[in-house]
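**Student:**
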Amino acid sequence: MRKLRVNKTWIVLSVALVVGGGAAFMANSYLRAQVEEIESRGKGENVKLVVAKKDMPKGATLGPDSLAVRNVPREWAHSNAVTPEQFDRIDRGALAYPAKRGEPLLWSQLEGDKVPTFSARVGAGRRAVTVPVDEISSISGLVEPGDRIDIMVTVRREAKQLAFILMQSVPVLATGTKVEQGADGRDGSRRTFTTITLDVNAEQARQVIAAREIGKITALLRAPGDRGAVSGSRDDAAALLGLASPVVATAPRRGVQIIYGGTARTQAIAPLPGAIEARPANNNAQPPAVAPATAAKANAGAVVAAN
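Just so you know, the working numbering puts the end of the sequence shown at 468, numbered straight through with nothing missing.
1. If residue 217 sits next to residue 256, beta carbons under 8 Å apart, how far is it from one beta carbon to the other, in whole angstroms?
2. Are the beta-carbon atoms belonging to residue 316 and residue 323 less than 8 Å from one another?
3. Return the Cβ separation of residue 215 and residue 227 in integer angstroms, given the expectation that the two are a contact with Cβ distance under 8 Å.
4. Could you say which of 357, 390 and 250 lies nearest to residue 289 if we only look at CA atoms?
5. Near residue 263, which residues of its chain fall below 8 Å by C-beta distance, leaving aside the five closest residues on each side in sequence?
6. So if DSSP puts residue 209 in a beta bridge, which residue, or which two residues, is it bridged to?
7. Cα separation between residue 189 and residue 391?
8. With residue 363 as the anchor, note down where its alpha helix (DSSP H) starts and where it stops.
9. So, is residue 243 buried or exposed, given that buried needs 16 or more other C-beta atoms within 10 angstroms?
10. Residue 246: which of 222, 208, 363 and 187 sits nearest, CA to CA?
11. Measure the beta-carbon distance from residue 206 to residue 235 and round it to whole angstroms, keeping in mind my assumption that it falls under 8 Å.
12. How many whole angstroms separate the CB atoms of residue 295 and residue 333, which I take to be in contact at a CB cut-off of 8 Å?
13. Do residue 382 and residue 312 have their CB atoms nearer than 8 Å?
14. Is residue 330 helix, strand or coil by DSSP?
15. If residue 359 sits next to residue 292, beta carbons under 8 Å apart, how far is it from one beta carbon to the other, in whole angstroms?
16. With DSSP run on the structure shown, which of helix, strand or coil describes residue 311?
17. Return the chain-ordered list of same chain residues with a C-beta closer than 6 Å to the C-beta of residue 385, the five sequence neighbours on each side being excluded.
18. Comparing alpha-carbon positions, which option in 335, 282, 377 and 283 lies nearest residue 325?
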């Protein structure tokens, strides 16, 4: 009995060792796969950014001794980071906010005239247009610079309220006077503002201004990375806003009756370039009505007599 009990103990211990070894192997394989995935991501396209060599307090002077260049994966690069090509613009400048060692230097961290103007954020061929918003149309103040929104317009036509999507996936340049996401330290928190500045082209700016004047604009916040078009949007948005090109009615051309061999037909006369149409002094005077058959016979007789 004693020998049998010892054998059972060794069996349980062996099973435990096998299970533990298998679990350790699986955990090691999983961690190795995760490391390889992270390393493969890091081998993607990189961009060069200016970073701080050391921790620098507010007011610290910037220069080659305090800054360095580092390769950063493009997908992780901040859109407001300073690049090596822009170093001359920040050299000998000062920090408005502290910078940590190894972190990219942002334009929003600089003070004075080193910070680029807001117009530098507007791309070539683009326009920045500001629209007023309220608590509802600004999604309770949760829209941030860098977000993308759909613009919905509500107008009244013939005693009916019409709502339609005017534009889709429009980038937000600024909310109020805030031009950087999280620049005030409250990233994602509620904030009060009354205007949104959008990045649009010239034609879209015209449509936004028209919609702002005759209707109400509401912002529909999109998920990050969502660039798909929303189905069911109105195609006659320009017509509702009065932006459709008017159709100019062409005045009917005057014609002259030509009789040849007893057959009558009417030929339209094209106006001469620069000619001005002559109108009778009395616009209400109408020529006497003549039956078509009688006129044709009289004209045919005149032609025969002439022959």
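Note that beta-carbon positions come from the ideal geometry of N, C-alpha and C, so glycine has one too. Note that the structure is a prediction, hence the values are computed from the model and not measured.
**Tutor:** For this structure:
1. Mapped onto the sequence shown, residue 217 falls at position 56. Mapped onto the sequence shown, residue 256 falls at position 95. Indeed, because the Cβ distance is near 6 Å, the residues count as touching under 8 Å.
2. For this step, residue 316 is matched to residue 155 along the sequence shown. For this step, residue 323 is matched to residue 162 along the sequence shown. In contact: residue 316 and residue 323 (Cβ atoms closer than 8 Å).
3. Here the question's residue 215 lines up with position 54 in the sequence shown. Here the question's residue 227 lines up with position 66 in the sequence shown. Right, the Cβ-Cβ distance comes to about 7 Å (below 8 Å), so this counts as a contact.
4. Taking the sequence shown and counting its residues from 1, one reaches residue 289 at position 128. The option with the nearest alpha carbon to residue 289 is 357.
5. Translated into positions along the sequence shown, residue 263 becomes position 102. Cβ neighbours of residue 263 beyond the five flanking positions: 212, 213 and 231.
6. As a working note, residue 209 is residue 48 in the sequence shown. Bridge partners of residue 209: 232.
7. For this step, residue 189 is matched to residue 28 along the sequence shown. For this step, residue 391 is matched to residue 230 along the sequence shown. So the alpha carbons of these two residues sit roughly 45 Å apart.
8. Here residue 363 refers to the residue found at position 202 when the sequence shown is read from its first residue. 363-375 is the span of the alpha helix (DSSP H), which, as asked, contains residue 363.
9. Along the sequence shown, read from residue 1 onward, the residue named residue 243 stands at position 82. Classification of residue 243: buried, given that the 10 Å Cβ count is 16 or more.
10. Start at 1 with the first residue of the sequence shown, and residue 246 comes out as number 85. Of the candidates 222, 208, 363 and 187, the one whose C-alpha sits nearest the C-alpha of residue 246 is 208.
11. The residue labelled residue 206 in the question sits at position 45 within the sequence shown. The residue labelled residue 235 in the question sits at position 74 within the sequence shown. So it is a contact: roughly 5 Å between Cβ atoms.
12. As a working mapping, residue 295 is identified with position 134 in the sequence shown. As a working mapping, residue 333 is identified with position 172 in the sequence shown. No, residue 295 and residue 333 are not in contact; Cβ-Cβ is about 16 Å, not under 8 Å.
13. On the sequence shown, residue 382 is found 221 positions in, with the first residue counted as 1. On the sequence shown, residue 312 is found 151 positions in, with the first residue counted as 1. No. Outside cutoff.
14. Here residue 330 corresponds to residue number 169 of the sequence shown, with the count starting at 1. The answer is strand: DSSP assigns residue 330 an E or B state.
15. Within the sequence shown, numbered from 1, the residue matching residue 359 stands at position 198. Within the sequence shown, numbered from 1, the residue matching residue 292 stands at position 131. So it is a contact: roughly 7 Å between Cβ atoms.
16. Within the sequence shown, residue 311 is the residue found at index 150, counting from 1. Residue 311: strand per DSSP, three-state reduction.
17. Within the sequence shown, numbered from 1, the residue matching residue 385 stands at position 224. Same-chain partners within the cutoff: there are none.
18. Counted from its first residue, the sequence shown places residue 325 at position 164. When each option's Cα is compared against that of residue 325, the closest is 377.
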